[in-house]
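Beneath this line is the structure, given in structure tokens, with notes to follow.
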Amino acid sequence: MAHMADAAAGTARDLIFLAPIFHGKIWGGRELEKRFGYKIPDGPIGECWGISAHPNGDCVVDGGEFDGQHLSELWENHHELFAGAEGDRFPLLIKILDARENLSVQVHPDDAYAAEHENGSLGKRECWYVIDCEPGTRIIVGQRAKSREELAAMIEGGRWDDMLNYVPIHPGDFFRIEPGTMHAIKGGTLILETQQSSDVTYRVYDYDRVQSDGTKRPLHVKQSLDVVDYGQVPPTSGTVTAPEKDGVTELMACPNFDVERVRVSGEKTLAQPWPFMCLSVIEGSGSVCDGSGVEHAVSAGSHFLAPSGSGDVRLTGEMMLITSHLPERA
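In this note's numbering, the protein residues as written are 2 to 331.
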């Protein structure tokens, strides 16, 4: 009855569901269709942008008061939905990646380099939660060169095995990919990625692959040499060691976002004190109810926002979610 009273008083905002956007990639497959039931375009589809207001994939609201509007429009015209969030663009981008083949070996810039060299873009700090992978799969996170000169020589000589840090992976692993980290998702991997709202990628190596039109994708060796963090210590494992408290595990806290894994078995309530919260269901199904008492069915592949003032998010069912929000300010 309390939920209905909240709704009548108009004190809580409804959740915002978004229609995913799909991107074809030379390394993609069809797992997004098989696993999540998405209606994807023909061909190899590598990326589902589940929550995004980036110009290269601006999600449309699916249902509710703002049905049919782009997320970027809500940020511009209804900023009360994100009360307390600053900046000139929605800051996060949530993806699911289906790597049927290997992604290129690549590196991303930080905010300062991207702003100067990429038309004012944000940098790209990101992280990966391994939803699933084929047995024996590895991933590339980090490289061993200690200087620009050493890295340039390794790239020139094609000494990839000497240069790159390979890590065995398993479902449930998690990797933090800071700007300046050389990395590559390998074939046979399904990942949820939380990142800054940026589409800047510098490719170092692309396995000499040829696209359907007979051309090779461009490389960005100079930019890569500029932005690699030569002092990084590469990881040896993606095993999550943080404690799980009442079904919630903090996976990452950084200057751009906090990321958590949430397990629901029966009922669970998540507090929502943030300017907004991103929620993506990666396993199972159930329902979600916000503070106004409106209930929605959700299943693996559902992506939604709990806006400012949504009230507690009440989850019911058997499912796993990855959530993210802006970091707490001091």
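Note that the Cβ used here is the ideal one computed from N, Cα and C, for glycine as well.
Computed from a predicted model, the values in this text were never measured in an experiment.
Along the chain, where does the beta strand (DSSP E) that runs through residue 52 open and close?
As a working mapping, residue 52 is identified with position 51 in the sequence shown. From DSSP, the beta strand (DSSP E) with residue 52 extends over 46-52.
Indicate, with yes or no, if the ligand MG has a heavy atom lying under 7 Å from the CB of residue 127.
Absent from the structure shown: the ligand MG. Ligands present: none.
Would you identify the three-state DSSP class for residue 183, choosing helix, strand or coil?
Counting from one through the sequence shown, the residue named residue 183 turns up at place 182. In this structure, residue 183 counts as coil in the three-state DSSP scheme.
Does the pairing of the segment 216-225 with the segment 132-143 give three or more beta-carbon distances under 8 Å?
No, because fewer than three Cβ pairs between the segment 216-225 and the segment 132-143 fall closer than 8 Å, the two stretches do not touch.
Please go through the same chain and pick out, in chain order, the residues whose beta-carbon is closer than 6 Å to the beta-carbon of residue 359, but skip the five residues on each side of it.
Nothing can be reported for residue 359, as the shown portion of the chain is limited to 2 through 331.
On the three-state DSSP scale, how would you describe residue 70?
In the sequence shown, residue 70 corresponds to position 69, counting from 1. Note: residue 70 maps to coil in three-state DSSP.
Measure the CB-CB distance between residue 295 and residue 322 and report whether it falls below 8 Å.
As a working mapping, residue 295 is identified with position 294 in the sequence shown. As a working mapping, residue 322 is identified with position 321 in the sequence shown. No.
Is there contact between the segment 176-191 and the segment 105-120, where contact requires at least three CB pairs shorter than 8 Å?
yes
Under 7 Å Cβ to Cβ from residue 240, same chain only, skipping five residues before and after it: list those, please.
Reading the sequence shown from its first residue, position 239 is the one you call residue 240. Excluding residues within five positions, the ones whose Cβ falls inside 7 Å are 174.
Note the first and the last residue of the continuous beta strand (DSSP E) segment covering residue 203.
The residue given as residue 203 occupies position 202 in the sequence shown. Here the beta strand (DSSP E) through residue 203 covers 203-206.
Using DSSP's beta-bridge definition, name the partner residues of residue 24.
The count along the sequence shown starts at 1 and reaches residue 24 at position 23. The partner list for residue 24 (beta bridge, DSSP) reads 48.
Spatial neighbours of residue 251 within its chain, please: C-beta separation below 8 Å, excluding the five flanking residues on both sides.
One-based indexing of the sequence shown puts residue 251 at position 250. So the list reads 243, 259, 260, 261, once near-sequence residues are dropped.
Between residue 284 and residue 298, which are expected to be in contact by the criterion C-beta below 8 Å, what is the C-beta distance as a whole number of angstroms?
For this step, residue 284 is matched to residue 283 along the sequence shown. For this step, residue 298 is matched to residue 297 along the sequence shown. Contact doesn't hold; Cβ gap of about 15 Å is too wide.
Rank 279, 278, 264, 280 by C-alpha distance to the C-alpha of residue 318 and give the top, closest one.
As a first step, residue 318 is located in the sequence shown; it is residue number 317 there, counting from the start. Checked all of 279, 278, 264, 280; the closest Cα to residue 318 is 264.
Restricting to runs no shorter than 3 residues, where is the beta strand (DSSP E) found entirely within the segment 121-157?
With a minimum length of 3 residues, the continuous beta strand (DSSP E) runs that stay inside the segment 121-157 are 127-134, 139-144.
Give the list of continuous beta strand (DSSP E) stretches no shorter than 3 residues that lie fully inside the segment 87-127.
93-100, 106-108
Identify the residues that DSSP records as bridge partners of residue 349: which are they?
One cannot answer for residue 349 here, as it falls past the ends of the chain, which runs 2 to 331.
Give the straight-line distance between the Cα atoms of residue 119 and residue 199, rounded to the nearest whole angstrom.
What you label residue 119 is simply residue 118 of the sequence shown in a count that begins at 1. What you label residue 199 is simply residue 198 of the sequence shown in a count that begins at 1. Each residue's alpha carbon lies about 10 Å from the other.
Which value, in whole angstroms, describes the spacing of the CA atoms of residue 207 and residue 105?
Translated into positions along the sequence shown, residue 207 becomes position 206. Translated into positions along the sequence shown, residue 105 becomes position 104. Spanning the two alpha carbons is a distance of roughly 5 Å.
Please report the straight-line C-alpha distance between residue 209 and residue 27, rounded to a whole angstrom.
Taking the first residue of the sequence shown as position 1, residue 209 is located at position 208. Taking the first residue of the sequence shown as position 1, residue 27 is located at position 26. Each residue's alpha carbon lies about 12 Å from the other.
Considering only C-alpha positions, which residue in the set 155, 187, 153, 177 is nearest to residue 167?
Counted from its first residue, the sequence shown places residue 167 at position 166. The residue with the shortest Cα to Cα distance from residue 167 is 187.
On a CA-only basis, which of 313, 216, 303 is nearest residue 38? Give me that one, please.
By 1-based counting over the sequence shown, the position of residue 38 is 37. For residue 38, the nearest C-alpha among the options comes from 303.
Sort 53, 21, 232, 45 by Cα distance to residue 148 and report the nearest one.
For this step, residue 148 is matched to residue 147 along the sequence shown. Measuring from the Cα of residue 148, the nearest candidate turns out to be 232.
Can you tell me which of 53, 13, 58 puts its alpha carbon nearest to the alpha carbon of residue 25?
On the sequence shown, residue 25 is found 24 positions in, with the first residue counted as 1. For residue 25, the nearest C-alpha among the options comes from 58.
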